[in-house]
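Residue numbers (my numbering): 1 to 261.
From the three backbone atoms N, C-alpha and C, an ideal C-beta is built for every residue, glycine too.
Taking it in order: structure first as structure tokens, then the write-up.
Have a look at this one:
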């Protein structure tokens, strides 16, 4: 093989390895785990082949070249594994984790919940909380039309429910539950900030399981087994949604206390 040909495929391999790194960073928060593994392995192999081709470690292998070989390979794979670790998703991801309002009245923003695992997940519980003590009337929430799925075929009850609550310090909290997420599936929850002043909502995934859960027929049954950890909350209303985005939300007054776990 001529020197020019060897250098050509070597730089091509280095470019492919670099492209894998770029794809990992650009896909951060959106890539499935198997995609991350594939990109890390391919990136490491491409970079190793390219490094060999440009002569960073080539035969004959003296002791010094053997050490150089080990150091270059260690650097390549340490870099790729570190990037993979950095972008490795949680089983359930929510983006963004914080939304800051304040540009105009009735400003609307959306949280996206995604199953980043390769398994079906159930009873995904999400806590939305204001970091300051405000009136709960400052915010309203809804489920985007594309995220409304009937919990049973033909049901007028979607597989998502919410509860409006406060903690012991009086901070408003909205607790959401999603009955089921398939691998890679996304759901969107919208929040509207009514006043024209700054406001913030923090979002946290608090619980989920990969054990199939029975489907239910009503809002109360969906919400009665919540297990939100971290703080004691007092809930006053259950909110359900219809698969039809034009249908009114189903509301039911409730007085429930969930103790911190």
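Problem set entry | Cα-Cα separation, residue 238 to residue 163 | The count along the chain shown starts at 1 and reaches residue 238 at position 238. The count along the chain shown starts at 1 and reaches residue 163 at position 163. Answer to the nearest angstrom: the Cα atoms are 4 angstroms apart.
Exercise. What is the residue span of the alpha helix (DSSP H) that residue 236 lies within?
Worked result: Counted from its first residue, the chain shown places residue 236 at position 236. Segment 233 to 240 is the beta strand (DSSP E) holding residue 236; no alpha helix (DSSP H) there.
Exercise. Helix, strand or coil: which one does DSSP assign to residue 7?
Worked result: Here residue 7 corresponds to residue number 7 of the chain shown, with the count starting at 1. In the structure shown, residue 7 sits in a helix (DSSP, three-state: H, G or I).
For this session: Would you mind stating whether residue 270 and residue 104 have Cβ atoms separated by less than 7 angstroms?
Result: A query on residue 270 cannot be resolved here, the shown segment of the chain reaching from 1 to 261 and no further.
For this session: Compute the Euclidean distance between the alpha carbons of residue 123 and residue 213, then round it to the nearest angstrom.
Result: Translated into the one-based positions of the chain shown, residue 123 becomes position 123. Translated into the one-based positions of the chain shown, residue 213 becomes position 213. Whole-angstrom Cα-Cα distance: 7 angstroms.
Problem set entry | Own chain, CB closer than 6 angstroms to residue 118, minus 5 neighbours either side, in chain order | Mapped onto the chain shown, residue 118 falls at position 118. In its chain, beyond the 5 residues on either side, 183 have a beta carbon closer than 6 angstroms to the beta carbon of residue 118.
Exercise. Can you tell me the Cα-Cα spacing of residue 167 and residue 173, whole angstroms?
Worked result: Residue mapping note: residue 167 aligns to position 167 of the chain shown, counting from 1. Residue mapping note: residue 173 aligns to position 173 of the chain shown, counting from 1. So the two alpha carbons sit approximately 7 angstroms from each other.
Exercise. Residue range of the alpha helix (DSSP H) that residue 50 falls in?
Worked result: As a first step, residue 50 must be located in the chain shown, where it is residue number 50. Note, residue 50: alpha helix (DSSP H), 33 to 53.
Exercise. Taking all protein chains shown into account, do 16 or more other C-beta atoms lie within 10 angstroms of the C-beta of residue 142, making it buried, or fewer, making it exposed?
Worked result: Translated into the one-based positions of the chain shown, residue 142 becomes position 142. Residue 142 comes out buried.
Problem set entry | Residues near residue 204 in its chain [Cβ-Cβ closer than 6 angstroms; skip 5 each side] | For the purposes of this step, residue 204 is taken as residue 204 along the chain shown, with counting starting at 1. Around residue 204: 127.
For this session: Kindly list the residues whose CB is nearer than 6 angstroms to the CB of residue 140, restricted to its own chain and excluding five residues on each side of it in sequence; keep chain order.
Result: The residue given as residue 140 occupies position 140 in the chain shown. Excluding positions up to five away in sequence, the list reads 192.
Exercise. If you draw a straight line from the alpha carbon of residue 7 to that of residue 87, how long is it in whole angstroms?
Worked result: Here residue 7 corresponds to residue number 7 of the chain shown, with the count starting at 1. Here residue 87 corresponds to residue number 87 of the chain shown, with the count starting at 1. Rounded to the nearest angstrom, the two C-alpha atoms are 31 angstroms apart.
For this session: Would you kindly work out how many angstroms separate the C-alpha atoms of residue 181 and residue 35, rounded to a whole number?
Result: Locating residue 181 in the chain shown gives position 181, counting from the first residue. Locating residue 35 in the chain shown gives position 35, counting from the first residue. Their Cα atoms are separated by approximately 19 angstroms.
Exercise. Taking buried to mean at least 16 other C-beta atoms within 10 Å of its own C-beta, is residue 159 buried or exposed?
Worked result: As a first step, residue 159 is located in the chain shown; it is residue number 159 there, counting from the start. Buried, by the Cβ-count rule.
Exercise. Below 8 angstroms, can you find three or more Cβ-Cβ pairs linking the region 16 to 29 to the region 43 to 53?
Worked result: Contact holds: three or more Cβ-Cβ distances are below 8 angstroms.
Exercise. If you draw a straight line from the alpha carbon of residue 211 to that of residue 98, how long is it in whole angstroms?
Worked result: Against the chain shown, residue 211 aligns to sequence position 211. Against the chain shown, residue 98 aligns to sequence position 98. Approximately 29 angstroms between the Cα atoms of the pair.
Exercise. Using the C-alpha atoms, what's the distance from residue 73 back to residue 65?
Worked result: The residue labelled residue 65 in the question sits at position 65 within the chain shown. The residue labelled residue 73 in the question sits at position 73 within the chain shown. Going from the Cα of residue 65 to the Cα of residue 73 covers about 12 angstroms.
Exercise. Looking only at C-alpha atoms, which of 241, 231, 27 sits nearest to residue 179?
Worked result: Counting from one through the chain shown, the residue named residue 179 turns up at place 179. For residue 179, the closest of 241, 231, 27 by C-alpha to C-alpha distance is 241.
For this session: Determine the DSSP secondary structure at residue 188, reduced to helix, strand or coil.
Result: The residue you call residue 188 lines up with position 188 of the chain shown. In the structure shown, residue 188 sits in a strand (DSSP, three-state: E or B).
Exercise. By Cβ distance, which residues of its chain are closer than 8 angstroms to residue 194, with the 5 residues on each side in sequence left out?
Worked result: Working through the chain shown from its first residue, we reach residue 194 at position 194. Excluding sequence positions up to five before and after residue 194, its CB lies within less than 8 angstroms of the CB of 105, 106, 137, 138, 139, 140, all in the same chain and listed in chain order.
For this session: Entirely within the region 95 to 173 and at least 3 residues each: give me those beta strand (DSSP E) ranges in chain order.
Result: Segments of the beta strand (DSSP E) lying fully in the region 95 to 173: 98 to 101, 107 to 115, 121 to 129, 139 to 143, 160 to 167.
For this session: Name the residue from 170, 190, 147 whose alpha carbon lies nearest to the alpha carbon of residue 232.
Result: For the purposes of this step, residue 232 is taken as residue 232 along the chain shown, with counting starting at 1. Residue 170 is the option with its Cα nearest to residue 232.
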